[in-house]
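Asks: Attaching a single structure in structure tokens format; questions to follow.
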Amino acid sequence: MSILLPRAPARRRLLRAMCGGGMVTLALPFLDCYLDNKGTALAATGAPIPTRFGTWHWGMGHTPGHAIAEKRESSPGIEFLSETESLKPFGNKLSYFGNFMMPLDGSSNFTHFTGWVANRCGTPPAHNTEIPATTFDLMIADVIGNNTRFKTIDVTSVGIPRENYSARSTNSLGAAETSPVAVYARLFGPDFIDPNKADFKPDPAIMLQKSVLSAFTEENKAFVKGLGASDRARLDEYFTSVRQIENQLAIQLEKPPHNEACLVPKMPAELAADGTSGAREMGKVIETHKIMSKLLAMAVACNQTRVFNMVFTDANGNVRRTGESYTHHILTHEEAIDPKVGYQPLAYWFNKQCMDGFATYLQTLDSIKEGDGTLLDNCLVFASSETNYARVHTIDGIPTYLAGKAGGKVKSGMHVIGRGDPITRIGFTIMRLLGVPIDKWGTNSLATNKAITEIMV
Numbered sequence: 007m008s009i010l011l012p013r014a015p016a017r018r019r020l021l022r023a024m025c026g027g028g029m030v031t032l033a034l035p036f037l038d039c040y041l042d043n044k045g046t047a048l049a050a051t052g053a054p055i056p057t058r059f060g061t062w063h064w065g066m067g068h069t070p071g072h073a074i075a076e077k078r079e080s081s082p083g084i085e086f087l088s089e090t091e092s093l094k095p096f097g098n099k100l101s102y103f104g105n106f107m108m109p110l111d112g113s114s115n116f117t118h119f120t121g122w123v124a125n126r127c128g129t130p131p132a133h134n135t136e137i138p139a140t141t142f143d144l145m146i147a148d149v150i151g152n153n154t155r156f157k158t159i160d161v162t163s164v165g166i167p168r169e170n171y172s173a174r175s176t177n178s179l180g181a182a183e184t185s186p187v188a189v190y191a192r193l194f195g196p197d198f199i200d201p202n203k204a205d206f207k208p209d210p211a212i213m214l215q216k217s218v219l220s221a222f223t224e225e226n227k228a229f230v231k232g233l234g235a236s237d238r239a240r241l242d243e244y245f246t247s248v249r250q251i252e253n254q255l256a257i258q259l260e261k262p263p264h265n266e267a268c269l270v271p272k273m274p275a276e277l278a279a280d281g282t283s284g285a286r287e288m289g290k291v292i293e294t295h296k297i298m299s300k301l302l303a304m305a306v307a308c309n310q311t312r313v314f315n316m317v318f319t320d321a322n323g324n325v326r327r328t329g330e331s332y333t334h335h336i337l338t339h340e341e342a343i344d345p346k347v348g349y350q351p352l353a354y355w356f357n358k359q360c361m362d363g364f365a366t367y368l369q370t371l372d373s374i375k376e377g378d379g380t381l382l383d384n385c386l387v388f389a390s391s392e393t394n395y396a397r398v399h400t401i402d403g404i405p406t407y408l409a410g411k412a413g414g415k416v417k418s419g420m421h422v423i424g425r426g427d428p429i430t431r432i433g434f435t436i437m438r439l440l441g442v443p444i445d446k447w448g449t450n451s452l453a454t455n456k457a458i459t460e461i462m463v
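Sequential numbering of the sequence shown, starting at 7, is according to the working numbering.
Take a look at the structure:
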């Protein structure tokens, strides 16, 4: 009897095809079959103003009793306390969600990780590096983000590119942009097409690049048949990203409609190159965030993207004061509670800086006039942390805000009480509002099909 052993593909297989009369090749990413067992190897067109979606993350949650006053019933009006007083001017453009739970069904609470993963994926991770499902921002981008240069834009103010909370899976967590100059070059560099300029000439180089991927359709089908399930999923992610690039190229071949809200910003000055440690000082974080907010807001106004993610401070609280060695995270555990005020004063200071940063972000979006309202009115921004009270790592009642009115789809100014319902109701509601075709979201006790009607128009 003979045994046929499967023949492994070449170490770095290339797909080859004909495109425009010439031979083109497309290199494939590393797949499991290449590795060892250890895996070591608008207005002018008459079209409505689009709705955009953004996320904003801050680390270490809130100070209990000093952020938002508690309520027993859902109702209009949010009582902002001392930690969140800078949000008062946006009280009619915000909603706050309290008493929403995060049941884990026996899974571990991996501190400063499980909270954001379960909140954005609808299911808790099995270990402290797993992202078990696609984050909901990308599910939304698959619906509303296909006709812009960038399907999503991810930036961070804290100088840690890996601290990005948007991914399709464990293996597809991308890096966030940390440099304002790099963000400017990407958004408004040579490839940017100003919608308000009279002259428009498509780049011939872009025309040659546009439809490379379509040439590989048949060979791709044959190649995929011989792959395992894990490799098929990984290859699908890869081709999705390549197709996204083609969509971006196609957009650059068309003159965009005139857009009065789009005002190309000036290139920012490079911040002092004092390394990662300096980038994590709260003063530098605040400075970087202000610049990033302006660039991101104008990128949205100029229709460069419709889905955007901002990290103010990371989930592990790696920010500190200038000249100090302790971080926000360390303070939440080691600083004593001052009996006179009933909280940790230094940790509270960091929490307040985060809320001041959120206010700056909202002001930036709200300062751009668009149609009869502002850019913020046409956005829906999900702002949340990875924990409720960082001192004890609680994940029930994680503070969550929704800002903006999604172009009139959302009723704001609400304080919504979850009554112990799963926090996934918030993400499910957002996706339903923005057209994601789902009837249910989440797993086990986090599964829900119940939208939050209190904020729906």
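We put the CB at the ideal spot given by N, CA and C, even for glycine.
Residue ranges of each alpha helix (DSSP H) run of no fewer than 4 residues wholly in the segment 364-394, ordered along the chain?
Replies: Counting whole runs of 4 or more residues, the segment 364-394 contains no alpha helix (DSSP H) stretch at all.
Asks: For I401, which residues of its own chain have a beta-carbon under 7 angstroms away from its beta-carbon, when the five flanking residues on both sides are left out?
Replies: Short of 7 angstroms from the beta carbon of I401, and not among the five residues preceding or following it, lie these beta carbons of its own chain, in chain order: M108, N115, T120, G121, T393 and N394.
Asks: Roughly how many whole angstroms lie between the Cα atoms of R155 and Q310?
Replies: 5 angstroms
Asks: Starting from the C-beta of G281, find all residues in its chain whose C-beta is less than 8 angstroms away, skip the five residues before and the five after it, and write them out in chain order.
Replies: Confidence is the limiting factor: at G281 the pLDDT is only 45, short of 50, which leaves the residue's position unreliable, though a coordinate-based value still follows. Counting only Cβ-Cβ distances below 8 angstroms, and skipping sequence neighbours, we find nothing.
Asks: Cα separation between G426 and N105?
Replies: 6 angstroms
Asks: Going by C-alpha to C-alpha distance, which of N315, H118 and S175 sits closest to P138?
Replies: Relative to the Cα of P138, the nearest Cα in the group N315, H118 and S175 belongs to S175.
Asks: I need the straight-line Cα distance from Q359 to A173, nearest angstrom please.
Replies: 27 angstroms
Asks: Per DSSP, which one or two residues make a beta bridge with W317?
Replies: It is Val, not Trp, that sits at residue 317 in the sequence shown. For V317, which the question treats as bridged, DSSP gives the partners H63 and T162.
Asks: T162 to I146, Cα distance in whole Å?
Replies: Those two C-alpha atoms are separated by around 20 angstroms.
Asks: Assign R126 to buried or exposed, taking buried as 16 or more other Cβ atoms, counted over all protein chains shown, within 10 Å of its Cβ.
Replies: Around the Cβ of R126, a 10 Å sphere holds 16 or more other Cβ atoms; the residue is buried.
Asks: Let me know if D42 comes out buried or exposed under the rule of 16 or more other beta-carbons within 10 Å of its beta-carbon.
Replies: At D42, the pLDDT of 42 sits below 50, so the modelled position is not reliable and the matter cannot be decided from this model.
Asks: Just mark S80 as buried or exposed, buried being the case when its beta carbon has 16 or more other beta carbons within 10 Å.
Replies: buried
Asks: Starting from H421, follow the beta strand (DSSP E) in both directions and report where the run begins and ends.
Replies: M420 to I423
Asks: Have a look at H334, R58 and M361 and flag the residue whose alpha-carbon is nearest the alpha-carbon of N152.
Replies: The option with the nearest alpha carbon to N152 is R58.
Asks: Report the rounded CA-to-CA distance for G112 versus E169, giving the unit in angstroms.
Replies: 26 angstroms
Asks: Compute the beta-carbon to beta-carbon distance between N98 and G419, rounded to the nearest angstrom, for a pair I have assumed lies under 8 angstroms.
Replies: 5 angstroms
Asks: Take the Cβ of G45 as the centre, count every other Cβ of all protein chains shown within 10 Å, and call the residue buried at 16 or more, exposed below.
Replies: No answer about G45 holds up, because its pLDDT of 37 lies below 50 and its placement is not dependable.
Asks: Please state the DSSP three-state secondary structure of S81.
Replies: strand
Asks: If you measure between the beta carbons of I469 and L302, is that distance less than 8 angstroms?
Replies: No answer is possible for residue 469: it lies beyond the span of the chain, which begins at 7 and ends at 463.
Asks: Report back the beta-carbon spacing between A305 and E376 to the nearest angstrom; my notes put them in contact at under 8 angstroms.
Replies: A Cβ-Cβ separation of about 14 angstroms leaves A305 out of contact with E376 under the 8 angstroms criterion.
Asks: List the DSSP bridge partners of T454.
Replies: W447
Asks: Should K272 go down as buried or exposed, given a rule of 16 or more other Cβ atoms within 10 Å for buried?
Replies: Exposed, because fewer than 16 other Cβ atoms sit within 10 Å of the Cβ of K272.
Asks: Is T129 buried or exposed, if buried means 16 or more other CB atoms sit within 10 Å of its CB?
Replies: By the 10 Å Cβ count, T129 comes out buried.
Asks: Counting along the chain, where does the beta strand (DSSP E) carrying S101 start and finish?
Replies: Note, S101: beta strand (DSSP E), L100 to G104.
Asks: Spell out the partners DSSP gives I429 in its beta bridges.
Replies: Looking at the DSSP assignment, I429 forms no beta bridge with any residue, so it has no partner.
Asks: Compute the Euclidean distance between the alpha carbons of E340 and V325, then round it to the nearest angstrom.
Replies: 15 angstroms
Asks: Classify G165 as buried or exposed, calling it buried when 16 or more other Cβ atoms lie within 10 Å of its own Cβ.
Replies: buried
Asks: Among the residues of its own chain, which have a CB less than 6 angstroms from the CB of L110, if the five just before and after it don't count?
Replies: P130
Asks: Can you tell me the Cβ-Cβ gap for V291 and T319, rounded? I've got them flagged as a contact below 8 angstroms.
Replies: The C-beta separation of V291 from T319 comes to about 6 angstroms, placing the pair in contact by the 8 angstroms criterion.
Asks: Hey, A467 and F364: beta-carbon distance below 8 angstroms or not?
Replies: Residue 467 is absent from the model: the chain starts at 7 and stops at 463.
Asks: How would you call I429, buried or exposed, if buried means at least 16 neighbouring beta carbons within 10 angstroms?
Replies: Label assigned to I429: buried.
Asks: Leaving out five residues on either side along the sequence, give the residues of the same chain with a beta carbon under 7 angstroms from the beta carbon of T333.
Replies: G323, N324, V325 and R326
Asks: Under 6 angstroms Cβ to Cβ from Y354, same chain only, skipping five residues before and after it: list those, please.
Replies: T69
Asks: So, at 6 angstroms on beta carbons, what are the nonlocal neighbours of H421 in its own chain, with the 5 sequence-adjacent residues on each side left out?
Replies: K77, I84 and Y102
Asks: Name the residue from G379, D362 and Q369 whose alpha carbon lies nearest to the alpha carbon of A73.
Replies: D362
Asks: Does DSSP classify V398 as helix, strand or coil?
Replies: Reduced to three states, the DSSP call for V398 is helix.
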